[in-house]
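Visitor: Numbering (this note's numbering), first residue to last: 4 to 434.
Here a beta-carbon is modelled for each residue, glycine too, at the ideal position from N, C-alpha and C.
These numbers were taken from a predicted model, which means no experiment stands behind them.
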Ligand SMILES: NC(=O)c1ccc[n+]([C@@H]2O[C@H](COP(=O)([O-])OP(=O)(O)OC[C@H]3O[C@@H](n4cnc5c(N)ncnc54)[C@H](O)[C@@H]3O)[C@@H](O)[C@H]2O)c1
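#1: What did DSSP end up calling residue 261 once you bin it into helix, strand or coil?
#2: Does the separation of the CB atoms of residue 365 and residue 325 fall below 7 angstroms?
#3: From the DSSP output, which residues share a beta bridge with residue 159?
#4: Got a sec? Which residues, its chain only, sit under 6 angstroms from residue 295 by beta carbon, not counting five neighbours each side?
#5: Do residue 127 and ligand 1 come close, with the Cβ less than 6 angstroms from some heavy atom?
#6: Taking only three categories from DSSP, how would you classify residue 87?
#7: So what's residue 239 in DSSP terms, helix, strand or just coil?
#8: Could you name the residues that DSSP lists as bridge partners for residue 413?
#9: What distance in whole Å lies between the Cβ atoms of residue 327 and residue 344, which are believed to be in contact at a cut-off of 8 angstroms?
#10: When every heavy atom of ligand 1 is checked, does at least one fall within less than 6 angstroms of the C-beta of residue 378?
#11: Shortest alpha-carbon distance to residue 300 belongs to which of 286, 341, 312?
#12: Roughly how many whole angstroms lie between the Cα atoms of residue 204 and residue 372?
#13: Per DSSP, what kind of secondary structure is residue 46 in: helix, strand or coil?
#14: Assuming residue 326 is part of the beta strand (DSSP E), what are its boundary residues?
#15: Here's a check: name, in chain order, each residue in its chain whose Cβ is nearer than 7 angstroms to the Cβ of residue 95, leaving out the five neighbours to either side.
#16: Where does the unbroken beta strand (DSSP E) through residue 8 begin, and where does it stop?
#17: Rounded to whole angstroms, how far is the Cβ of residue 432 from the Cβ of residue 312, which I believe are closer than 8 angstroms?
#18: Indicate, with yes or no, if ligand 1 has a heavy atom lying under 6 angstroms from the CB of residue 136.
#19: Check whether the segment 72–80 touches the segment 240–250, counting contact only when three or more Cβ pairs, one atom from each stretch, lie closer than 8 angstroms.
#20: Does residue 473 come out as helix, strand or coil in the three-state DSSP assignment?
#21: What first and last residue would you give for the alpha helix (DSSP H) that runs through residue 278?
#22: Spatial neighbours of residue 12 within its chain, please: CB distance less than 6 angstroms, with the 5 preceding and 5 following residues excluded, ordered by chain position.
#23: Across the segment 274–285 and the segment 169–182, are there enough close Cβ pairs to call them in contact, namely three or more that are closer than 8 angstroms?
#24: Below 6 angstroms, is the gap between the Cβ of residue 269 and the nearest heavy atom of ligand 1?
#25: Please check the pair residue 169 and residue 22, which I expect to be a contact at CB under 8 angstroms, by giving their CB distance rounded to whole angstroms.
#26: Could you give the uninterrupted runs of the beta strand (DSSP E) lying entirely in the segment 340–390, keeping only those of 3 residues or more?
#27: Kindly identify the DSSP beta-bridge partner or partners of residue 154.
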């Protein structure tokens with residue numbers, strides 16, 4: 004028996020399972036959410052991914068019909084049939100608190116069903132030390148087996164970007180380290196099935212855990228720096244992106260783009276996972292804290308800019324109508340987790356403004372979500388383009404007869420030609 008079981012079928016676990024299945028491996032995909040598992044059996048998922056012209060739903064159908072992917076909500080069934088167990092259940096954060104019990108419960112369920120000879124490979128993003136200090140004791144306690152003797156344990160961080168998952172599972176360099184040499188070798192072989200060339204072997208799991216967190220947090224710091232730079236350039240009426248482009252011509256400088264904030268789980272959570280450890284060690288981690296603060300404050304700064312611009316034309320946020328085109332947490336994403344555009348919306352509402360928004364990638368019913376651009380921009384005083392969704396048609400010319408006169412376009416992504424916007428009668432602002 005040489006099957007694979009993947010625990011957690013979210014943005015990482017589902018495409019990862021299907022990637023193994025596409026490589027001819029039989030994969031038991033386990034998720035606690037029974038309703039979702041039933042949908043998967045009907046080839047339906049909320050996840051948007053594509054590979055070589057095929058949608059994830061087509062790949063799902065194909066691999067299920069071939070018997071290579073078996074979705075189930077039974078850990079028992081999945082683990083009975085597999086000797087390589089990959090965990091992709093994450094640690095969500097609610098109001099700043101790590102929901103460790105969700106991850107720990109998943110590990111417990113693995114421990115209860117663990118067999119001699121099994122490999123457990125953790126791919127979730129976790130606080131430093133989790134594999135050795137949390138996962139290992141839970142597995143040993145629940146299974147009554149001994150790590151490194153009866154079963155094997157390794158950590159390999161996940162680096163994919165949503166929307167590119169299938170491609171990046173196979174091409175993105177991936178780091179791995181086991182609790183012992185045999186665990187490392189087994190995990191290496193498992194990764195190698197889908198990633199042929201790019202596996203980095205580290206000396207211990209903690210190296211890979213911390214490397215993953217600092218990869219994300221370094222982006223938080225870099226973006227915070229660009230956002231701070233934008234506050235300066237905006238005040239001086241200098242083109243921020245041009246400044247960054249010029250600075251980046253230096254061969255050892257790579258500034259990221261500023262924006263309306265940093266969203267999603269990956270980047271914001273990473274620093275919080277680091278603080279989970281460093282707080283206990285009483286380490287201040289000042290740079291990471293400041294970066295978080297700067298990026299968290301960004302929607303507020305954007306609203307302050309809009310407030311000043313509105314004031315210049317005799318308006319105020321209160322009584323103004325805002326149209327937000329693109330609500331996801333980043334470009335071309337369906338995900339609204341920690342979305343800065345959502346935070347901006349909340350701040351506008353708190354200030355007494357009115358908001359309508361449109362995002363064809365974001366599914367579900369929301370009170371202020373509209374079904375078309377036309378409905379959204381109707382009578383707007385301000386149009387906010389915070390992220391880029393390729394399926395939102397950016398045509399200021401078509402909006403000009405719908406919005407209020409002298410409406411402002413706030414363009415965080417350079418989607419609109421400045422001159423064309425002005426020609427269409429808009430006040431054009433950008434980052
Ligand atoms: N989404 C990304 O692009 C990305 C990229 C790199 C790393 N990561 C990391 O990968 C991990 C997974 O992220 P995700 O975006 O796939 O999360 P997700 O929330 O989309 O999926 C997690 C899944 O786990 C399931 N689950 C929860 N408890 C379970 C249990 N006890 N048993 C079985 N299933 C259970 C949930 O129902 C859900 O479907 C996280 O640690 C995240 O930080 C995510």
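Guide: On the basis of the coordinates in this document:
#1: For this step, residue 261 is matched to residue 258 along the chain shown. It is coil, neither helix nor strand.
#2: Against the chain shown, residue 365 aligns to sequence position 362. Against the chain shown, residue 325 aligns to sequence position 322. No, the Cβ-Cβ distance between residue 365 and residue 325 is not below 7 angstroms.
#3: The residue labelled residue 159 in the question sits at position 156 within the chain shown. DSSP output for residue 159 lists 179 as bridge partner(s).
#4: Start at 1 with the first residue of the chain shown, and residue 295 comes out as number 292. Cβ neighbours of residue 295 beyond the five flanking positions: 274.
#5: Looking up residue 127 in the chain shown gives position 124. Result yes, Cβ under 6 angstroms from ligand 1.
#6: Numbered from 1 along the chain shown, position 84 holds the residue referred to as residue 87. Strand.
#7: In the chain shown, residue 239 corresponds to position 236, counting from 1. In this structure, residue 239 counts as helix in the three-state DSSP scheme.
#8: Position 410 of the chain shown, counted from the start, is the residue given in the question as residue 413. The partner list for residue 413 (beta bridge, DSSP) reads 387, 432.
#9: On the chain shown, position 341 is the one that residue 344 refers to. On the chain shown, position 324 is the one that residue 327 refers to. 6 angstroms between Cβ atoms; contact.
#10: Within the chain shown, the letter at position 375 stands for residue 378. No; taking the cut-off as 6 angstroms, the Cβ of residue 378 has no heavy atom of ligand 1 nearer than that.
#11: As a first step, residue 300 is located in the chain shown; it is residue number 297 there, counting from the start. Of 286, 341, 312, the residue nearest in Cα terms is 341.
#12: For the purposes of this step, residue 204 is taken as the residue at position 201 of the chain shown. For the purposes of this step, residue 372 is taken as the residue at position 369 of the chain shown. Looking at the two C-alpha atoms, the distance is approximately 46 angstroms.
#13: As a working mapping, residue 46 is identified with position 43 in the chain shown. Here residue 46 sits in coil by DSSP.
#14: By 1-based counting over the chain shown, the position of residue 326 is 323. Note, residue 326: beta strand (DSSP E), 324–328.
#15: In the chain shown, residue 95 corresponds to position 92, counting from 1. Here the set comprises 102, 105.
#16: Residue mapping note: residue 8 aligns to position 5 of the chain shown, counting from 1. Looking at the DSSP string, the run of the beta strand (DSSP E) that includes residue 8 is 6–10.
#17: In the chain shown, counting from the first residue as 1, residue 432 sits at position 429. In the chain shown, counting from the first residue as 1, residue 312 sits at position 309. Going by Cβ atoms, the distance from residue 432 to residue 312 rounds to 6 angstroms, so yes, they are a contact pair.
#18: By 1-based counting over the chain shown, the position of residue 136 is 133. Every heavy atom of ligand 1 is 6 angstroms or more from the Cβ of residue 136, so no.
#19: no
#20: Because the chain here runs from 4 to 434, residue 473 falls outside it and cannot be looked at.
#21: Working through the chain shown from its first residue, we reach residue 278 at position 275. Run containing residue 278: 269–281, per the alpha helix (DSSP H) assignment.
#22: The residue given as residue 12 occupies position 9 in the chain shown. Same-chain partners within the cutoff: 32, 34.
#23: no
#24: Stepping through the chain shown from its first residue, residue 269 is reached at position 266. Yes, the Cβ of residue 269 comes within 6 angstroms of a heavy atom of ligand 1.
#25: Position 166 of the chain shown, counted from the first residue, corresponds to residue 169. Position 19 of the chain shown, counted from the first residue, corresponds to residue 22. With 8 angstroms as the limit, residue 169 and residue 22 qualify as a contact, their Cβ atoms being about 6 angstroms apart.
#26: 357–361, 385–388
#27: The residue given as residue 154 occupies position 151 in the chain shown. DSSP lists 150 as partners of residue 154.
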